[in-house]
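A.B. asks: This is the structure, below, for whatever I ask next.
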Amino acid sequence: MTYSKAFGLFDQNAIGVNFDSHGLKIVQLGKRGNKIICKKIEDINIQDQGNQDTVDFLQSRIDRLREYFVANSLTKKQIYFAIKSKDIIIKTIQLPNMSKKDIDSAIKLRIETQLILPWDNVVVDWFILNRSETNTKVLIVAAQKEQINDYCRVFKDAGLIISALEVDVFSILRMVNYTYSNDLTTESQQINIIVNINTNYVSLIFLEENKYILCRNVNLINFDIQNQLTWEKIILEIESSLNYINFEGLSSGNPRTLFLTGDCHQFIEKHVINTEVINNNLVLKHQLINPFQKIDVVNLNSSVLQDKVSYCVATGLALRRWL
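The numbers in UniProt numbering rise by one with no breaks, and the one at position 274 of the sequence shown is 274.
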């Protein structure tokens, strides 16, 4: 055996795993030359839902995931996994241009003095979005340390290897950037919006062309995707967010395209989009996301692909292997 094979340098596979409200979504991607292919997708339904914020809920999914990995001889494969954006704090701030060391100090000071976090012990990460002549736009992500430790512990106890742990909205963003790159960058100073519809909340992700600006999570009580009032509330939140983006100087662009995805059963089964509400209020084009549009899915079960819109997070996670 050569060193490259022994150390997995020829292993052109990536597995994205997403825990949604009704079970597991698993996407295994590979490469054939320069082309990314989909080798396998799985939808594993778990009947006993329970409280999604408990360790028991996480453990039930880990146990089922391990069963799947053992049955398919995947236990030595690395996993890309996402936590929900509703469980963390995402904030975009602007700072005067400074060194990375000074940015780190400024962020720690901002967190201690200005950001109200609901936890005592936090894990904080940050990323420079872009720099202008005078300012630096920085993305801050803060999570409860105990929750991150719980994820790492249950994966380790199950003998599964996490290659990366990231936030679901950034997985979706990666997938949309890969799949719809031409649609995102055809015009400058345009805002594109991704609407991720979950069972009881909606994530709104705003991009200037293809670059992240803002993410907001909106709780929806008595959620009904077919109800006009639901769509009116979503549109109202989008308009409010656009006003905030303009007021904070995050972007001065106009909305262009609405991309829709989600794991809500109502949305997956019916694909109900109230076009009248969207057109009357935002006057922009909209489309359902197909995460496999640029990925070869030959020989995959067509019945599984009918729900392809629900595989956006898992596909975006697996794409991290190459993007």
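Beta carbons are placed, not taken as given, at the ideal position from N, Cα and C, and that holds for glycine. Just so it is clear, the structure is predicted and the values come from calculations on it, not from any experiment.
1) Within this structure, are the beta carbons of Phe81 and Leu317 separated by less than 8 Å?
2) From what residue to what residue does the alpha helix (DSSP H) around Leu147 run?
3) Distance, Cα to Cα, Thr134 vs Asn97?
4) The ligand HEM and Trp126: does the residue's C-beta get closer than 7 Å to at least one heavy atom of that ligand?
5) Within 10 angstroms of its Cβ, does Asp168 collect 16 or more other Cβ (buried), or is it exposed?
6) Which complete alpha helix (DSSP H) runs does the region 42-83 hold, if anything under 4 residues is left out?
7) Going by beta carbon distance, what residues of the same chain come within less than 6 Å of Val124, once the five residues before and after it are set aside?
8) Quick one: grab the DSSP three-state call for Phe206.
9) Grab me the residues of Ile161's own chain with a C-beta within less than 8 Å of its C-beta, minus the 5 sequence neighbours each way, in chain order.
10) Which value, in whole angstroms, describes the spacing of the CA atoms of Tyr180 and Lys211?
11) According to DSSP, which residues form a beta bridge with Glu239?
12) At which residues does the alpha helix (DSSP H) containing Glu248 begin and terminate?
13) Use the C-beta contact count for Thr113: other C-beta atoms within 10 angstroms, 16 or more gives buried, fewer gives exposed.
14) Within this structure, are the beta carbons of Asp224 and Cys38 separated by less than 8 Å?
15) I need the boundaries of the alpha helix (DSSP H) containing Val313, first residue and last residue.
16) CB-CB under 7 Å to Asn254, same chain, minus the five flanking residues each way: which ones, in chain order?
17) Could you check which residue in Asp87, Thr92 and Glu209 has the C-alpha nearest to that of Phe259?
18) Work out the CA separation of Val298 and Val122 for me, nearest whole Å.
19) Curious, which full-length alpha helix (DSSP H) runs of at least 4 residues does the region 159-189 contain?
20) Please report the straight-line C-alpha distance between Tyr151 and Ile197, rounded to a whole angstrom.
21) Just mark Lys308 as buried or exposed, buried being the case when its beta carbon has 16 or more other beta carbons within 10 Å.
22) By alpha-carbon positions, which one of Ile15, Arg256, Gly33 and Gly159 ends up nearest to Ile26?
23) Please determine, among Leu242, Val218, Asn222 and Glu232, the residue with the shortest C-alpha to C-alpha distance to Lys86.
C.D. replies: Let's see:
1) What you label residue 81 is simply residue 81 of the sequence shown in a count that begins at 1. What you label residue 317 is simply residue 317 of the sequence shown in a count that begins at 1. In contact: Phe81 and Leu317 (Cβ atoms closer than 8 Å).
2) The residue labelled residue 147 in the question sits at position 147 within the sequence shown. Looking at the sequence shown, residue 147 is not Leu but Gln. Segment Lys145 to Asp157, the alpha helix (DSSP H) holding Gln147.
3) The residue labelled residue 134 in the question sits at position 134 within the sequence shown. The residue labelled residue 97 in the question sits at position 97 within the sequence shown. Approximately 6 Å between the Cα atoms of the pair.
4) With respect to the ligand HEM, the structure offers nothing, as it holds no ligand at all.
5) On the sequence shown, residue 168 is found 168 positions in, with the first residue counted as 1. So Asp168 counts as buried.
6) 55-71
7) The sequence position of residue 124 within the sequence shown is 124, counting from 1. Only Ala142 meet the Cβ criterion.
8) If you number the sequence shown from 1, residue 206 lands on position 206. In this structure, Phe206 counts as strand in the three-state DSSP scheme.
9) The residue you call residue 161 lines up with position 161 of the sequence shown. Within the same chain, Ile161 has close Cβ partners Lys76, Lys77, Gln78, Ile79 and Phe155.
10) Looking up residue 180 in the sequence shown gives position 180. Looking up residue 211 in the sequence shown gives position 211. When rounded, the distance between both Cα atoms is 13 Å.
11) Numbered from 1 along the sequence shown, position 239 holds the residue referred to as residue 239. DSSP output for Glu239 lists no bridge partner at all.
12) Counting from 1 along the sequence shown, the entry for residue 248 is found at position 248. Note, Glu248: premise wrong, no alpha helix (DSSP H); not H, not E.
13) Taking the sequence shown and counting its residues from 1, one reaches residue 113 at position 113. Thr113 should be labelled exposed.
14) Residue 224 sits at position 224 when you count from the first residue of the sequence shown. Residue 38 sits at position 38 when you count from the first residue of the sequence shown. Contact flag unset, no.
15) Here the question's residue 313 lines up with position 313 in the sequence shown. Taken as a continuous stretch (DSSP letters only), the alpha helix (DSSP H) holding Val313 covers Cys312 to Leu319.
16) Within the sequence shown, numbered from 1, the residue matching residue 254 stands at position 254. For Asn254, where only same-chain residues beyond five positions count, the Cβ hits under 7 Å are Gln190 and Ile191.
17) Mapped onto the sequence shown, residue 259 falls at position 259. When only C-alpha atoms are compared, the closest one is Glu209.
18) Here the question's residue 122 lines up with position 122 in the sequence shown. Here the question's residue 298 lines up with position 298 in the sequence shown. Rounded to whole angstroms, Val122 to Val298 spans 44 Å at the Cα level.
19) 168-179 and 181-184
20) Within the sequence shown, numbered from 1, the residue matching residue 151 stands at position 151. Within the sequence shown, numbered from 1, the residue matching residue 197 stands at position 197. Using only the alpha carbons, I get a separation of about 24 Å.
21) In the sequence shown, counting from the first residue as 1, residue 308 sits at position 308. Looking at its Cβ environment, which holds 16 or more other Cβ atoms inside 10 Å, Lys308 is buried.
22) Taking the sequence shown and counting its residues from 1, the one referred to as residue 26 is at position 26. Residue Ile15 is the option with its Cα nearest to Ile26.
23) Within the sequence shown, residue 86 is the residue found at index 86, counting from 1. Considering only alpha carbons, the answer is Val218.
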